[in-house]
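So that you can map any letter, position 311 of the sequence shown is 1792 in the numbering used here, and since no number is skipped, the others follow by simple counting.
Using N, Cα and C, we set each Cβ at its ideal position, and we do this for glycine too.
Bear in mind the structure is a predicted one, so any value in this text is a computation, not a measurement.
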Amino acid sequence: MENQKGKFIVIDGTDGSGKATQTEILAKRLRQAGFDVTVADFPQYNTKSAGLVEEYLSGKYGKAEEVGPYRASIFYACDRYDASFKIKKWLAEGKIIISNRYVTANMGHQGGKIENPSERKYYFDWLYKLEYKIFDIPQPDLNIILHVDAEISQLLAKQRQKQDWIGKTNDIHQDNLEHLKKAEKTYLQIAKNFPKFRLIECTANEQILSREEISDLIWKEIIKLFKPAPSLINFKELRNQISSTNIENNDSKLKIEKISSCAKLPTRAYDNDAGLDLYSSDYYSLFSNDCFTIKTGLKLAIPVGCVGLIWDKSGLARNGIHCLAGVIDAGFRGEVTIQLINLSQDVYHIAPGQKIAQLLIQKVEFPEIIEEQVDNETDRKDGHFGSSGLF
1482 MENQKGKFIV IDGTDGSGKA TQTEILAKRL RQAGFDVTVA DFPQYNTKSA GLVEEYLSGK
1542 YGKAEEVGPY RASIFYACDR YDASFKIKKW LAEGKIIISN RYVTANMGHQ GGKIENPSER
1602 KYYFDWLYKL EYKIFDIPQP DLNIILHVDA EISQLLAKQR QKQDWIGKTN DIHQDNLEHL
1662 KKAEKTYLQI AKNFPKFRLI ECTANEQILS REEISDLIWK EIIKLFKPAP SLINFKELRN
1722 QISSTNIENN DSKLKIEKIS SCAKLPTRAY DNDAGLDLYS SDYYSLFSND CFTIKTGLKL
1782 AIPVGCVGLI WDKSGLARNG IHCLAGVIDA GFRGEVTIQL INLSQDVYHI APGQKIAQLL
1842 IQKVEFPEII EEQVDNETDR KDGHFGSSGL F
């Protein structure tokens, strides 16, 4: 990959450590910094290349120890080989690739099955040759290893609602605490002994850190990939680009895609209204004190330099129906959903095409973040909440 132009970052680690969440957060932060970011996810569930992986994880071929590290590794390697062509293309285009798991996952989970250190080293050498020499897949510029103790990992993994593939919520690895402990030990070993690996401790005092705290630890490692390194985001340049460039090529247009036949485009009740009314795309019944996710059936492309804010509709609020705060960033491309809570004593029914919230599009500022002492010499000084009184 001598001609590689982009950067390739892998987020991996013990089960339940939040790899998918941190991949998403990192992609968002890099996009906000002005980078062209693409996310990869392994295994590529529900694709032909991951078929053997899915069968293996479902237990079709027997227990993990019966399949063994070498056969299992070949299943995963074929899947990565399939993805390697698009990854090489993205890198040549100068994109930043963030992958949720990669070869590191085999090193941790399959390497953990091998007790003898010499035999494990032989396996690592074999795997390196298979992946990077025979299949010639791209090598990462940085591997981030998220570490959570095995007992906590298993608990978090079992609590996840997300299904990794149709019909399955767990796999033969997640159900085996002894396997998770061995994988944890191996992850710690490879993070210590291999180049381009960084270990991120995700717990403190036997408590898992918040996703924001973990993200900040990852960010400190990521900025070292870029030169000059001190500040990855040039806020002044970003502000200038936003102010001098027409938004979305810029007719100040809000691009909207219907992904449901019952979806309704946002509208303004009156020409000069600030808010765009958002509508439900399905039927719902909210009982007293219920909090529910309401689908709009819409995808939005918020103009760059702006943010979409979700606000209450007064007609609903007077009946005790409120929406919880929502922020839609310019890079978000998922379905817009609204969190509604019923604070009344009555059941509130919602039908398709019914107004549920309003959307405000506002420009945002990008102040440079610096760490220094904050001056308390103001009129309010260090007064706490409520110090200004009620009247």
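Mind checking whether residue i and residue j have CB atoms under 8 Å apart?
i, j, result
"F1523", "P1619", "no"
"A1782", "K1736", "yes"
"T1667", "G1549", "no"
"F1566", "V1534", "no"
"I1791", "G1815", "no"
"A1672", "Y1764", "no"
"V1855", "C1787", "no"
"L1627", "C1683", "yes"
"L1759", "Q1839", "yes"
"N1800", "S1825", "yes"
"I1809", "G1789", "yes"
"T1528", "W1571", "no"
"D1622", "K1677", "yes"
"I1568", "A1521", "yes"
"L1608", "N1587", "yes"
"A1798", "H1660", "no"
"I1633", "G1497", "yes"
"R1692", "T1502", "yes"
In terms of residue numbering, what span does the alpha helix (DSSP H) encompassing residue i cover?
i, result
"S1539", "G1532 to S1539"
"A1798", "S1795 to A1798"
"E1816", "Element bounds for E1816: not the alpha helix (DSSP H) but the beta strand (DSSP E), E1816 to N1823."
"Y1609", "P1598 to Y1609"
"G1589", "V1584 to H1590"
"L1698", "R1692 to I1703"
"V1548", "A1545 to V1548"
"I1506", "K1500 to Q1513"
Specify, as a first and last residue, the run of the beta strand (DSSP E) that residue i falls within.
i, result
"E1682", "F1678 to E1682"
"L1779", "C1772 to A1782"
"T1519", "V1518 to D1522"
"K1529", "Careful: K1529 lies outside any beta strand (DSSP E) and carries neither H nor E."
"N1624", "L1623 to H1628"
"D1493", "K1488 to G1494"
"K1739", "K1736 to K1739"
Between residue i and the rest of its own chain, which residues show a CB-CB distance below 7 Å, the 5 nearest in sequence each way excluded?
i, result
"D1517", "G1575, K1576 and I1577"
"R1601", "G1592 and I1595"
"S1762", "S1741, C1743, A1744, K1776, T1777, G1778 and P1833"
"S1712", "Residue placement at S1712 is poorly supported in this model, since its pLDDT is 48, which falls under 50; the coordinates still yield a value, given next. Cβ neighbours of S1712 beyond the five flanking positions: none."
"R1510", "W1700"
Look at the alpha carbon of residue i and the alpha carbon of residue j, and state the distance between them as a whole number of angstroms.
i, j, result
"L1821", "A1744", "18 Å"
"L1680", "D1752", "54 Å"
"T1495", "D1630", "8 Å"
"L1805", "S1741", "23 Å"
"G1543", "Y1537", "8 Å"
"G1532", "F1768", "43 Å"
"K1776", "H1803", "15 Å"
"F1872", "K1862", "20 Å"
"L1779", "K1794", "18 Å"
"V1584", "D1560", "11 Å"
"F1813", "L1669", "34 Å"
"A1553", "A1750", "59 Å"
"A1558", "F1616", "8 Å"
"K1486", "E1849", "27 Å"
"N1770", "H1830", "14 Å"
"E1694", "E1505", "15 Å"
"P1598", "Y1604", "10 Å"
"E1665", "E1687", "16 Å"
"E1852", "D1827", "49 Å"
"E1547", "F1675", "28 Å"
By Cβ distance below 8 Å, which residues in the same chain neighbour residue i in space, the five residues on each side in sequence not counted?
i, result
"L1507", "I1490, I1492, I1579, S1696, I1699, W1700 and I1703"
"K1500", "I1492, D1493, G1494, N1581, R1582 and L1627"
"Q1525", "A1531, D1560, D1563 and A1564"
Helix, strand or coil for residue i per DSSP?
i, result
"E1881", "Coverage of the chain is limited to positions 1482 through 1872, which leaves residue 1881 absent and any answer about it impossible."
"S1766", "strand"
"K1569", "helix"
"F1556", "helix"
"K1614", "helix"
"F1813", "coil"
"F1872", "coil"
"S1685", "A small correction: the amino acid at residue 1685 is Ala; Ser does not occupy that position in the sequence shown. Here A1685 sits in strand by DSSP."
"D1754", "coil"
"Q1839", "strand"
"I1579", "strand"
"I1671", "helix"
Only counting the same chain, and skipping five residues up and downstream in sequence, which positions put a Cβ closer than 6 Å to that of residue i?
i, result
"I1647", "Residue placement at I1647 cannot be trusted, given a pLDDT of 40 that sits under 50; the coordinates are not used to answer."
"L1690", "C1683"
"C1772", "I1822"
"R1512", "V1518 and G1812"
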